Amino acid sequence: MDGPTCAGPQPFGEDAFSTFYDGVCAEVRALGIEQFRAEFDALDTDSERVSAVLRLESAGRLRLPTASRTGKSEQQTRSYLEMAMNCTDSSRKLVLCNTALQHCPAPAAGAAPSELHLAVLLNRLWTVYELGRFSSGLAEAQRLLEEPALAAAPVETRVQLLVERARFEAALAHRPAAEASVRQALQIVRQLERQQQAMYARELGTIRKRLTDAEPAQADSSAPGPPPAPRLFAGEHERLRRVSSAVELVTSERRGRHLVATTDIPPGSVVIADEPFAWSLHPPRWTTHCQHCCRPADCPLPCPNCASVLFCSQPCRSEALRLYHATECPVLDLLIDPNLGRMALLVFRVLARAGPEVLERAEELDSEPASDVYDSLAYEAVHGQVTNTADRPMGDVIKRCAVALYLTACLQRAGVGSAERRVSAAALALRHLQSCSCNAYEITELRLGGGGARLAEFEELGGAVYAAVSLTNHSCFPNVVRSSRGRGVTVTTTRPLRAGDELLDNYGFHFHEEEETARYAALRRQYQFHCECAACEQGWPLYAELADGAPPGAEQRAAVELLVLGRYAEAAARLAPVVAADGAGEPSAPPDKQAVQRQSLFIRCIQSTGNISVE
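With the first letter of the sequence shown counted as 1, position 579 gets the number 579 in the UniProt record's numbering; the numbers rise by one all the way through.
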């Protein structure tokens with residue numbers, strides 16, 4: 001079950017793209033589909049394909065709306081705040097408070113927040129307290145008290161914030177800090193009218209009594225902080241950034257570029273710890289997660305200009321504005337049209353992050369010498385990802401051409417690129433619309449319900465371009481698993497690897513869950529990939545037809561208990577030797593049911609150390 005969300009920003013350019021694309025399709029039909037196909041299929045480059053669409057009369061009718069709807073609005077702020085104050089579901093109330101903050105006009109530089117702005121911030125603090133997210137509330141109260149602009153705010157505002165800070169500190173049993181906050185509040189509360197003094201004195205008295213009674217700390221359900229940085233097995237490769245030195249990049253005609261182990265690697269070893277060149281959250285999560293690091297944010301900060309995105313901290317906001325959000329901010333509502341597809345915003349961010357200098361020399365990129373270092377944060381690595389254009393039907397490529405031209409118009413609206421470079425910029429967009437469809441990965445979060453980690457379900461938060469991870473091929477019986485960590489991802493071995501073994505990921509199609517024909521069709525349709533794993537070559541049966549195998553041993557039962565207790569890393573470590581005993585390499589026969597269960601349990605232990613949230 002999904003967590004609480006607002007509807008998210010509403011698309012403003014829906015009619016613009018639909019009208020443009022419908023016109024392109026109608027003109028192609030009028031010209032004769034087969035005749036157009038014969039000419040279009042003969043084209044060799046993305047520039048030629050974009051130019052072919054651009055020559056259509058309908059292409060000249062692409063018009064972006066002249067106004068944006070993502071600006072700030074006091075009316076919208078009041079509306080969301082009123083809904084929050086009338087809401088009885090605290091989780092939903094927090095989302096409404098954050099949405100109100102998104103829409104709230106930012107104060108001028110150095111000016112105190114408006115009464116409306118303060119009302120939203122205080123209501124959010126009260127809601128966070130109701131939810132028991134004490135660490136998040138304490139950090140937010142402290143941030144507000146340190147805001148230079150609040151020096152010009154009314155005295156009562158500072159008293160309110162000191163009271164809230166003291167409440168959070170008391171809930172966490174931070175007694176000396178809470179006492180200090182109470183004393184600070186009492187020193188300035190005398191400046192208020194008597195009635196206000198009496199009200200705050202009662203609140204402060206309640207907090208002091210709790211401190212005097214030495215009440216224990218309450219359970220804190222704040223959004224978790226980032227997990228420890230993963231350590232690559234055998235350290236980092238000298239030429240493959242964020243990849244283990246125990247792995248090498250190999251190219252063959254049959255397998256393309258792929259990664260192989262150069263030494264024996266035990267199960268549970270991190271072989272890739274990648275960061276994305278570009279990424280995007282799906283709009284329903286824009287009020288619950290940081291747009292930049294993709295972690296849950298209880299008390300996020302809004303963009304100072306648009307009413308669409310939120311950030312968990314000032315560093316995340318500043319970095320996002322520097323890398324991509326300053327470019328997308330004025331056109332963001334034009335990029336979330338469902339007719340464009342989810343890939344459009346991701347590709348726009350690839351281009352925004354690549355920058356104007358890349359767009360200016362787009363035609364020269366293919367002829368530039370390759371770097372000796374493969375770095376997933378360098379645009380060169382992203383540009384080199386395969387597009388599989390030859391395997392795509394004409395209709396698919398034409399729609400991507402239309403989306404590419406639309407994205408180019410949005411870039412120009414944002415002040416990036418020129419009309420003279422329209423074709424080359426659109427060709428670059430087309431390249432990434434194709435490569436991302438088979439090389440981008442989902443950012444996920446494991447959502448825990450009443451059944452704990454074993455019964456938890458994954459939610460797709462967004463998508464990302466991981467150039468290092470994209471070097472792994474698919475297998476229906478994989479030996480590695482991906483796990484999202486914020487916007488990053490780790491790739492961990494799930495079976496023992498021997499020197500020479502290829503690292504094999506799974507794109508969502510396991511041999512024991514789906515028939516071979518269904519797997520083949522899905523892989524071909526989305527990834528233009530023909531799987532040659534043992535399961536496909538040997539025709540392994542589904543789970544129900546596998547041999548039973550020996551019952552679980554003591555180590556496997558202990559791992560289950562640790563998983564239930566939330567001790568995920570310990571559970572994985574306990575299970576790793578058991579998984580190793582199942583053997584390395586490509587098996588000559590299908591595993592039994594118990595081996596499949598061990599793999600599934602081991603994978604769940606590993607994935608539970610990544611992005612996780614509790615409902």
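By construction, the Cβ of each residue, glycine as well, lies at the ideal position given by its N, Cα and C atoms.
Nothing here was measured: the structure is a model prediction, and the numbers come from that model.
**Study point:** Nearest-angstrom Cα separation, counted from residue 303 out to residue 152
**Key:** 23 Å
Review point. Under 8 Å between the Cβ atoms of residue 131 and residue 73?
Key: no
Exercise for review: Grab me the residues of residue 581's own chain with a C-beta within less than 8 Å of its C-beta, minus the 5 sequence neighbours each way, in chain order.
Suggested key: none
Check your understanding: Looking at residue 148 and the ligand PLP, is the gap between the Cβ and the nearest heavy atom below 7 Å?
Key -> The ligand PLP is not part of this structure, which contains no ligands at all.
Check your understanding: Taking all protein chains shown into account, do 16 or more other C-beta atoms lie within 10 angstroms of the C-beta of residue 602, making it buried, or fewer, making it exposed?
Key -> buried
Exercise for review: Helix, strand or coil for residue 272, going by three-state DSSP, please let me know.
Suggested key: strand
Review point. Which value, in whole angstroms, describes the spacing of the CA atoms of residue 18 and residue 150?
Key: 47 Å
Review point. What is the DSSP secondary structure of residue 398, reduced to helix, strand or coil?
Key: helix
Exercise for review: Give the secondary structure of residue 117 by DSSP, where H, G and I count as helix, E and B as strand, and everything else as coil.
Suggested key: helix
Point to revise | Residues that DSSP places opposite residue 256 in a beta bridge | key: 252
**Study point:** Candidates 27, 41, 26 and 174: closest to residue 397 by CA position
**Key:** 41
Exercise for review: For residue 432, count neighbouring C-beta atoms within 10 Å of its own C-beta (all shown protein chains included) and say buried if the count is 16 or more, exposed if not.
Suggested key: buried
Review point. Skipping 5 residues on each side, what residues in its chain have a beta carbon closer than 7 Å to that of residue 401?
Key: 49, 50, 53 and 430
**Study point:** Exposure of residue 7, with buried meaning 16 or more beta-carbon neighbours within 10 Å
**Key:** Interpretation of residue 7 is limited by its pLDDT of 49, a score under 50 that renders its predicted location unreliable; no figure is taken from the coordinates.
Point to revise | Buried versus exposed call for residue 565 [16 or more other C-beta atoms within 10 Å across all chains shown] | key: exposed
Check your understanding: Looking only at DSSP bridge pairs, what is residue 111 linked to?
Key -> In DSSP, residue 111 forms no bridge with anything.
Point to revise | Beta carbon of residue 563 nearer than 8 Å to that of residue 453 | key: yes
Point to revise | Closest residue to residue 425 among 360, 448 and 375 (Cα-Cα distance) | key: 360
Check your understanding: Along the chain, where does the beta strand (DSSP E) that runs through residue 462 open and close?
Key -> 457-465
Check your understanding: What are the boundary residues of the beta strand (DSSP E) that includes residue 493?
Key -> 488-493
Point to revise | Own chain partners of residue 444 with C-beta closer than 7 Å, once the 5 adjacent residues on each side are dropped | key: 458, 459, 460, 461, 484 and 611
Exercise for review: Report yes if the CB atom of residue 605 is closer than 8 Å to the CB atom of residue 572, and no otherwise.
Suggested key: yes
Review point. Given residue 471, which residues of its chain have a CB within under 6 Å of its CB, disregarding the five upstream and five downstream residues?
Key: 257 and 259
Review point. Is the distance from the Cβ of residue 371 to the Cβ of residue 380 below 8 Å?
Key: yes
Review point. Do you know how far the Cα of residue 476 is from the Cα of residue 629?
Key: Lying before the first or after the last residue shown, residue 629 is absent from the chain, which here runs from 1 to 615.
Check your understanding: Does the separation of the CB atoms of residue 124 and residue 101 fall below 8 Å?
Key -> yes
**Study point:** Alpha-carbon spacing of residue 112 relative to residue 155, whole angstroms
**Key:** 12 Å
**Study point:** Reference residue 504; option with closest CA among 255, 589 and 290
**Key:** 255
**Study point:** Nearest neighbour of residue 540, chosen from 522, 528 and 513 [CA to CA]
**Key:** 513
Check your understanding: Assuming residue 376 and residue 242 make a contact with CB atoms under 8 Å, what is their CB distance in whole Å?
Key -> 6 Å
Check your understanding: In angstroms, rounded to a whole number, what distance separates the CA positions of residue 110 and residue 317?
Key -> 18 Å
Check your understanding: Roughly how many angstroms separate the alpha carbons of residue 420 and residue 16, rounded to a whole number?
Key -> 22 Å
Practice item. May I ask you to list the residues that DSSP assigns as paired with residue 311? Key: 301
Exercise for review: Would you check if the segment 583-598 and the segment 533-547 touch, i.e. whether three or more CB-CB distances between them fall below 8 Å?
Suggested key: yes
Review point. Based on the DSSP secondary-structure assignment, which residues constitute the bridge partners of residue 359?
Key: For residue 359, which the question treats as bridged, DSSP gives no partner whatsoever.
Point to revise | Presumed contact (8 Å Cβ cut-off) between residue 594 and residue 467, rounded CB distance | key: The pair is not a contact, with the Cβ atoms about 37 Å apart (cut-off 8 Å).
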